[in-house]
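Participant: In terms of the working numbering, the sequence shown is numbered consecutively and its last residue is 1394.
Where is the CB? At the ideal position from N, CA and C, for every residue including glycine.
One structure coming up, written as C-alpha cells, with questions to follow.
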Amino acid sequence: MRVDDRLTDYVVEQVVRLVKTPSLAGHTDVAISHVEQELAKTGILHGRTGRGALLATIEGREKGAQRALTAHVDTLGAMVKELGSDGSLLFTSVGGYALATVEGEYVTVETGSGKLLRGTILFDEPSAHVSKKINDTKREFENMRIRLDAEVRNQKDLDKLGVTVGDYVHFDPRCEVTETGFIKTRHLDDKAGVACLLGALKALVDSGARPRLTTHFLFSTSEEVGFGASAGIPPEVGELIAVDMGAVGKGQESDEYSVCICAKDSTGPFDYALRQRLAKLCRSQKIPYKVDIYPFYGSDAAVAVRAGLDAVTGLIGPGIDASHNLERTHRKALAATVRLVLAYLEPDGRNH
Ligand SMILES: [Zn+2]
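See below:
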C-alpha cells in the first residue's frame, strides 16, 4: 500500500499535535483523547482499558491467529518534590533521563486546581557572575531547581499560588518541523510511533482494505515508567510488535531516514523468524530499513511478555537521534515505518 506525501504530512501533523499535548505517566488522558478522536474519524472499533490505555481492533479477513501492535503516548517529565525555602521548586523525574538534557528547559507546572505556571529548570547556582560552581558540579536532583516565573520568595508564596508536592511538570517540546524534512522536538519517543500507527490505520481505512488477520492496536500510557503494555493486549494475540523509536547514535546502524528493526535490546533478542519476515517485507517493498541492536533499551514488547503474554515479539520504529534528549527524526523514517506497518498487516487490494 502506498504512503504518499499527503499521508506523511498527516503523520507529521499528528506528531506535532501529540508532542504539544502533555502526557506524563499517570496523566495521559488528554493525549489519549486526541488519539481517540483520530480513531473515531476512521470508524475503527476502540475502547479504553482499565488503566486508561486505548485498544483498537480491526477484524481480519481470515480467522485464526491474532496480532497486536503497540506504541506509547506517555513521555518524560517531572513532578514537584519539595517547595524550596527560596520559592524555587525541587523536582523528581518521571521517566529516565540525564539532568544535563533538561537543564535550561522551559517548563509548565500544572497545579492541582489546573493552574499552569511557567518556569525554567536551572542549576541552583546558575549565574556565571555569582558562582564558579556551574562548570564543575555534577548535576544531581539535589542541586537542580525550577525557577517559577512568579513573584515567589518563600514557601508561603508558593502555597498562595497553589503549588503543592506532586504537581506535574511538563517540559516544553520545542517542536520544529524544518523545510529539510526533519522533525526536531522532545517526546518523539514515542509520539512518533503513535503517529505512525495512526497513519497506517488511516491509510488502511481510506483504502477500504482489511488486514489478513485480526489486529489490535494498543496505545499504552506508562511505558516510560516500566509497565506500559503489561495489560490490555488480548490473550489471543500470538504476535506483538512494539512500534517505538530506533536508537540512532555512535556505533549504531539505525538512522533518521529508515525504519529500524531491532534484533536485540537490553531484554534480549527478538523473535528471529518475525524479525526476518519484517526485513523481507522491507526488501520486497523497497522500504528503507536498518537492523540494529539497542544497548540500553527496553520496550513494551518485553513488558507484555514479562506480564505473561504468550506471544512472539518484535520491535520496529523510526530512527530517532539524541533519544531522551533533544530528539530528531526525518519524515522519511516516519513514512518507512508506516509502510512497514502496512506491509505487516497484509491488507487486501491491488498491491497484495
Ligand atoms: Zn519509547
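1) How would you label residue 1079, buried or exposed, when you count the other beta carbons within 10 angstroms and need 16 or more for buried?
2) Given this structure, state the Cα-to-Cα distance separating residue 1393 from residue 1110, to the nearest angstrom.
3) Only counting the same chain, and skipping five residues up and downstream in sequence, which positions put a Cβ closer than 8 Å to that of residue 1170?
4) For residue 1195, which residues from the same chain have a beta carbon less than 8 Å from its beta carbon, with the 5 sequence-adjacent residues on both sides left out?
5) Tell me whether the region 1156-1172 and the region 1232-1243 touch, counting them as touching only if at least three CB pairs, one residue from each stretch, are closer than 8 Å.
6) Less than 6 Å separating the Cβ of residue 1047 from some heavy atom of ligand 1?
7) Could you tell me the alpha carbon to alpha carbon distance between residue 1263 and residue 1172, rounded to whole angstroms?
8) Can you name the start and end residues of the beta strand (DSSP E) that residue 1318 belongs to?
9) Would you kindly work out how many angstroms separate the C-alpha atoms of residue 1090 and residue 1330, rounded to a whole number?
10) Just confirm the distance between the C-beta atoms of residue 1117 and residue 1102, as a whole number of angstroms; I'd bet it's less than 8 Å.
11) Can you tell me which of the three DSSP states residue 1393 falls into?
12) With H, G and I counted as helix, E and B as strand and the rest as coil, what does DSSP make of residue 1217?
13) Leaving out five residues before and five after residue 1061 in sequence, what residues of the same chain have Cβ atoms less than 6 Å from its Cβ?
14) Closer than 6 Å to a non-hydrogen atom of ligand 1 - does that hold for the CB of residue 1071?
15) Suppose you measure from the CA of residue 1390 to the CA of residue 1088; what does that come to, to the nearest Å?
16) For residue 1223, I'd like the list of residues in its chain whose CB is within less than 7 Å of its CB, leaving aside the five on either flank, ordered along the chain.
17) So the candidates are 1099, 1113, 1385, 1213; which of them puts its Cα closest to the Cα of residue 1121?
18) Using the C-alpha atoms, what's the distance from residue 1286 back to residue 1366?
19) Taking the alpha-carbon positions, what's the residue 1281 to residue 1205 distance?
20) Measure how close the beta-carbons of residue 1134 and residue 1183 come, nearest whole angstrom, since I'm counting them as under 8 Å.
21) Return yes when the Cβ of residue 1081 is within less than 7 Å of the Cβ of residue 1253, no when it is not.
22) Mapping the DSSP letters down to three states, classify residue 1107 as helix, strand or coil.
23) Quick check: does the Cβ of residue 1231 come within less than 6 Å of any heavy atom belonging to ligand 2?
24) Closer than 6 Å by C-beta to residue 1167: which residues in its own chain qualify, once you throw out the five before and the five after it? Chain order, please.
25) Taking buried to mean at least 16 other C-beta atoms within 10 Å of its own C-beta, is residue 1359 buried or exposed?
26) When you compare the region 1317-1326 with the region 1241-1249, are there three or more beta-carbon pairs, one atom per stretch, that lie closer than 8 Å?
27) So, helix, strand or coil for residue 1076, using DSSP?
28) Just how far apart, CA to CA, sit residue 1186 and residue 1140?
29) Beta carbon of residue 1342, beta carbon of residue 1270: below 7 Å?
30) Might you give, ordered along the chain, the residues of its own chain that have their beta carbon closer than 7 Å to the beta carbon of residue 1155, omitting 5 neighbours on each side?
31) Just to confirm, are residue 1296 and residue 1339 a CB contact at a threshold of 7 Å?
32) According to the Cβ coordinates, are residue 1313 and residue 1345 closer than 7 Å?
Facilitator: Checking against the coordinates, here is how it stands:
1) By the beta-carbon neighbour count (other beta carbons within 10 angstroms, threshold 16), residue 1079 is exposed.
2) The pLDDT assigned to residue 1393 is 46, lower than 50, so where the model puts this residue is not dependable, and the model offers no usable value.
3) 1176
4) 1128, 1129
5) no
6) no
7) 43 Å
8) Not the beta strand (DSSP E): residue 1318 falls in the alpha helix (DSSP H), residues 1314-1326.
9) Taking the straight line from one Cα to the other gives about 34 Å.
10) With a Cβ gap of about 32 Å, residue 1117 and residue 1102 do not count as contacting.
11) A caution first: residue 1393 carries a pLDDT of 46, below 50, which makes its placement in the model too unreliable to give a value.
12) coil
13) 1215, 1217, 1227, 1229, 1233
14) no
15) 22 Å
16) Excluding positions up to five away in sequence, the list reads 1372, 1373, 1374.
17) 1213
18) 13 Å
19) 45 Å
20) 7 Å
21) no
22) strand
23) As far as ligands go, the structure on display features ligand 1 and does not contain ligand 2.
24) Closer than 6 Å at the Cβ level, and outside the excluded window around residue 1167, lie 1173, 1175.
25) Buried, because 16 or more other Cβ atoms sit within 10 Å of the Cβ of residue 1359.
26) no
27) helix
28) 12 Å
29) In this structure, residue 1270 lies closer than 7 Å to residue 1342 by Cβ.
30) 1204
31) Not a contact, by the Cβ cut-off of 7 Å.
32) Not a contact, by the Cβ cut-off of 7 Å.
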